[in-house]
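Peer 1:
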Amino acid sequence: MAKILIVEDSDSVRISLKNILTPDGHEVIEAANGLEALQRLEETQGFDVILCDINMPEMNGMEFIKEQCNHETYCDIPTVMCTTESHPRLTQEAKQTGVVRAWLMKPFKPEILKATIERILKENAAKRQAS
Numbered sequence: 001m002a003k004i005l006i007v008e009d010s011d012s013v014r015i016s017l018k019n020i021l022t023p024d025g026h027e028v029i030e031a032a033n034g035l036e037a038l039q040r041l042e043e044t045q046g047f048d049v050i051l052c053d054i055n056m057p058e059m060n061g062m063e064f065i066k067e068q069c070n071h072e073t074y075c076d077i078p079t080v081m082c083t084t085e086s087h088p089r090l091t092q093e094a095k096q097t098g099v100v101r102a103w104l105m106k107p108f109k110p111e112i113l114k115a116t117i118e119r120i121l122k123e124n125a126a127k128r129q130a131s
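Going by our numbering, 75 is the number at position 75 of the sequence shown; the sequence numbering is gapless.
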């Protein structure tokens, strides 16, 4: 299955996301903010998907995805924004980075998260086969 990085400052939300994803066989690595997420990306190779909140201390989600885009190694990892933010300017700015593949509004149903990840994994597999 997939290796997923969860970038979320709320302990309870991280635990909930992990509890949704691990029964399906996904390996989950956690980070409490964007700075920790960059460290996890350096420490652990081979992430398939990143789930990222926007409102976090130290480095927020928007700052994180911009940093992600500046690293050649990480810029191909598809990112799903999981947030309460819905401002059109934010969604447009995030999608312009090229790494954001989906925007999930909290709270969302586990089935929506699972379907989104499955879709992204299938898209990635199709891209690899086409290369």
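The beta-carbon is built from N, C-alpha and C at its ideal position, and this holds for glycine as well.
All of these numbers come straight from a predicted model, not from anything done at the bench.
1) What three-state label does DSSP hand M62 in the structure shown?
2) Does the beta carbon of N124 come closer than 9 Å to any beta carbon on chain B?
3) Using DSSP bridges, identify the partner residues of T97.
4) For C135, list the residues DSSP reports as bridge partners.
5) Taking the straight line between their C-alpha atoms, what separation do you get for M56 and T84?
Peer 2: Looking at the atomic coordinates:
1) In the structure shown, M62 sits in a helix (DSSP, three-state: H, G or I).
2) Absent from the structure: chain B. Only one protein chain is present.
3) Note: T97 sits in no beta bridge, so no partner.
4) This structure cannot settle anything about residue 135, because the visible part of the chain is limited to 1 through 131.
5) Taking the straight line joining both Cα atoms gives about 12 Å.
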